[in-house]
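Here is the structure we will look at.
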Amino acid sequence: MRYLFIFILLALLLSWCHGARVVHNWDIGYVMVNRDGYNLRRAIGVNGKLPVPPVYITVGDTLVINVVNSLDAPTTIHAHGLLQNGTSYMDGAGMVTQCGIPPGTNFTYEHYVHQAGTFWLHGHFNHQNVDGLRTPLIVYDKDLSALPMQYDEDVLMFMEEWYPVEFHTRMDELLNPTTTFPPPASFPFGLINGFNGNETKPICFTPRKKYRLRVVNMASTEWFKFSLPGHILNIIEADGIILQPLAVDGLDIGPGQRYSVVVQAHNSDEFNYIYNATLYANFVPLLPGLNPRYYQGLIEYKRGAPVKTIAADSDKKMVWAEDTSLRAFDMQPALKVDRTIRLVAGSRRYKGNMPLAVLDKVPYRPPLTPTLFTALSMGHLALDEAIYGPQTEAHVIRHGQVIEIDMHNPTAIDHAMHLHGHTFQITELGPSGNSSIARLDPAPVKHFSGWPIKRDTVVVAAFHYVKLRFVADNPGVWLFHCHMDVHFALGLAVTFVEAPDVLQRTQSVPKDMIQMCLRQGIKASGNGAGNKGFDLSGLPPVPS
Ligand SMILES: [Cu+2]
């Protein structure tokens with residue numbers, strides 16, 4: 001009996017140390033849905049459902065996702081914000097870290113989750129996320145006392161935009177040289193917690209309690225402005241990174257970004273309140289009812305209680321969360337740079353009036369062999385950027401170096417840049433380019449003194465630059481791309497091949513991932529064209 005007791009105690013202790021194994025079975029397939037109240041359309045759901053139910057785990061758990069692909073195209077799932085240190089092949093970036101999961105087959109993702117915070121899971125093959133394949137991933141802390149602010153309850157608010165047509169239809173439209181701007185399907189609807197913005201269920205508050213609101217923007221193109229008049233939003237997290245608390249009136253959230261705010265409920269339930277979630281884009285024309293779209297929901301203290309009327313402040317008078325005013329809670333000083341990589345975003349017209357985008361020299365295009373497999377199979381040649389093919393825009397970085405991305409955006413469109421495999425410090429931002437807009441709004445160069453914010457997705461405003469720093473301590477192959485899927489599809493991406501020499505010694509691709517490629521006639525080794533040495537024959541020509 002005593003031994004049994006000790007055994008149970010040990011098992012409990014082990015499960016506490018190693019966490020639970022949380023298994024989700026995802027059958028990914030097409031569904032017919034009307035999400036915006038107007039358009040019945042084909043979309044991509046999980047187990048016949050859309051929205052995909054959010055995933056909740058605790059830090060230390062192993063998240064297992066058994067994917068069955070019931071689509072007629074390959075698919076992958078990326079855990080946005082999880083660093084995958086030691087498991088870069090689980091990053092889910094299609095043709096970067098794996099081949100797509102072929103139709104009619106299955107694959108299991110295993111994530112050993114060491115990071116607490118607010119993340120999301122989404123398709124990363126042919127932009128299937130835009131058609132619905134996305135959901136929040138909430139990783140609860142084990143020990144709340146380590147956080148800068150305490151709270152009683154956790155509340156999730158996830159935002160999406162929703163288009164009347166499928167992503168490939170929008171891309172066809174956009175790539176047609178005769179399409180005028182903005183293309184017809186440029187004004188999406190907003191969804192909150194999976195449902196048409198204004199029809200979302202109220203959020204219930206109990207007087208005197210403290211709430212952690214996790215606000216996730218899973219939109220693929222547009223921004224959400226979130227505010228809760230009559231309440232103060234105390235930011236404590238951005239993109240899975242704990243921050244020094246900062247009180248603001250509103251959040252302006254770019255595609256892919258997340259925030260947690262702690263909100264103190266009022267002492268009485270005399271009134272209910274309204275929250276605002278405004279969907280907007282500053283690169284398509286302002287049109288009443290279409291851009292921006294105003295959504296509101298109820299913070300319900302008591303059913304039927306009157307709604308407190310609060311005079312709306314203008315956006316300019318409100319205090320917004322800005323990277324420049326946020327500081328990392330761990331007080332890590334700005335890293336000392338070993339190497340700067342300068343990247344310049346641009347949109348260009350190519351042969352035949354084809355609109356494409358670049359982040360470095362040429363528009364990104366996936367290789368014929370996943371870049372990670374090239375890095376693992378090419379021996380010492382893996383250190384040579386040329387073997388990955390020109391259109392992967394590969395940048396080989398050395399183990400342990402501090403890399404600075406000096407990212408310039410001299411275009412008229414904001415970009416929401418996401419780095420896989422790392423969070424980065426934002427150490428500087430300022431005006432870039434020579435446009436009339438830059439001259440009208442001569443924002444000063446801001447150097448971040450002390451404890452810069454870290455995050456995994458940064459908005460690089462039109463005609464501005466940012467400097468991002470990270471330690472190359474995660475051997476793997478990591479995309480750096482615009483999270484606005486249209487821009488990504490047009491080529492706004494580069495690949496970081498991080499420490500391929502260390503990678504070759506420490507990681508290998510599981511056999512079933514090799515099989516996944518071979519089953520589709522994709523080579524699982526060789527250079528970016530699946531060939532030996534520097535022979536890149538077979539790659540599509542670089543557009544001119
Ligand atoms: Cu972009």
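Numbering of the sequence shown is given in UniProt numbering, commencing with residue 1 and proceeding in unit increments.
All C-beta atoms, glycine included, are put in the ideal place defined by N, C-alpha and C.
Just so it is clear, the structure is predicted and the values come from calculations on it, not from any experiment.
How many angstroms separate the CA atom of residue i from the CA atom of residue j?
i, j, result
"G123", "A219", "13 Å"
"G346", "P202", "42 Å"
"I192", "F158", "6 Å"
"V319", "L246", "10 Å"
"N267", "R212", "17 Å"
"V130", "T371", "24 Å"
"G81", "I403", "19 Å"
"A79", "G92", "7 Å"
"A382", "V502", "11 Å"
"E199", "N34", "13 Å"
"V31", "K49", "7 Å"
"A529", "H380", "17 Å"
"Q264", "I299", "12 Å"
"M354", "T411", "17 Å"
"W478", "A499", "11 Å"
"L83", "V262", "25 Å"
"F424", "T392", "22 Å"
"K523", "C517", "6 Å"
"Q401", "T495", "17 Å"
"P54", "H422", "23 Å"
"G297", "L156", "14 Å"
"R349", "G117", "41 Å"
"P475", "A311", "52 Å"
"L175", "L492", "15 Å"
"G194", "G19", "29 Å"
"L286", "I397", "42 Å"
"G86", "T169", "38 Å"
"V460", "Q115", "25 Å"
"L536", "A472", "28 Å"
"H127", "F167", "7 Å"
"S544", "K351", "6 Å"
"I57", "V22", "7 Å"
"A308", "N282", "According to the sequence as given, residue 308 is Lys; it is not Ala. Between K308 and N282, the C-alpha separation is close to 31 Å."
"N106", "L368", "22 Å"
"E160", "H395", "32 Å"
"I235", "K210", "13 Å"
Within 10 angstroms of the Cβ of residue i, are there 16 or more other Cβ atoms? Answer buried if so, exposed if not.
i, result
"R455", "buried"
"F534", "exposed"
"Q150", "exposed"
"Y38", "exposed"
"residue 572", "Nothing about residue 572 can be reported from this structure: the residues present for the chain run from 1 to 544 only."
"N272", "buried"
"K467", "buried"
"G521", "exposed"
"P184", "exposed"
"K532", "exposed"
"P541", "exposed"
"R439", "With a pLDDT of 47 at R439, under the threshold of 50, the modelled position of this residue cannot be trusted; read the value that follows with caution. Exposed: under 16 other Cβ atoms inside 10 Å."
"D330", "exposed"
"V458", "buried"
"D414", "buried"
"N25", "exposed"
"F470", "buried"
"I28", "buried"
Is the Cβ of residue i closer than 8 Å to any Cβ of chain C?
i, result
"F271", "In the displayed structure, chain C is absent; only one protein chain is listed."
Query raised in the report: Is there contact between the stretch 480–492 and the stretch 46–64, where contact requires at least three CB pairs shorter than 8 Å?
Result: no
Query raised in the report: Quick one: complete beta strand (DSSP E) runs, 3+ long, within the stretch 489–536?
Result: 493–498
Query - Chain-ordered list of residues that sit, by beta carbon, closer than 6 Å to a heavy atom of ligand 1 - result: H415, C482, M484, H487, L492
Requested in this report: Note down, one range per segment and in chain order, each alpha helix (DSSP H) of at least 4 residues found wholly within the stretch 179–229.
Outcome: none
Query raised in the report: Counting Cβ pairs closer than 8 Å, one from the stretch 287–297 and one from the stretch 253–260, do we hit at least three?
Result: no
Report task. Tell me the start and end of each unbroken beta strand (DSSP E) in the stretch 391–466 that is at least 3 residues and wholly inside, in chain order. Result -> 394–397, 402–409, 415–419, 424–431, 457–460
Query raised in the report: Which parts of the stretch 56–141 are runs of the beta strand (DSSP E), unbroken and 3 residues or longer, counting only runs that do not cross its ends?
Result: 62–69, 77–80, 106–112, 117–123, 134–140
**Report entry** 3 or more residues per run - each beta strand (DSSP E) lying fully within the stretch 316–366
**Finding:** 339–344, 346–350, 354–358
Query raised in the report: Is there contact here, the stretch 130–147 with the stretch 93–107, by at least three beta-carbon pairs under 8 Å?
Result: no
Query raised in the report: Quick one: any contact between the stretch 275–285 and the stretch 216–230, if contact means 3 or more CB pairs under 8 Å?
Result: yes
Report task. Please go through the stretch 241–286 and give each complete alpha helix (DSSP H) segment of 4 or more residues, from N-terminal end onward. Result -> none
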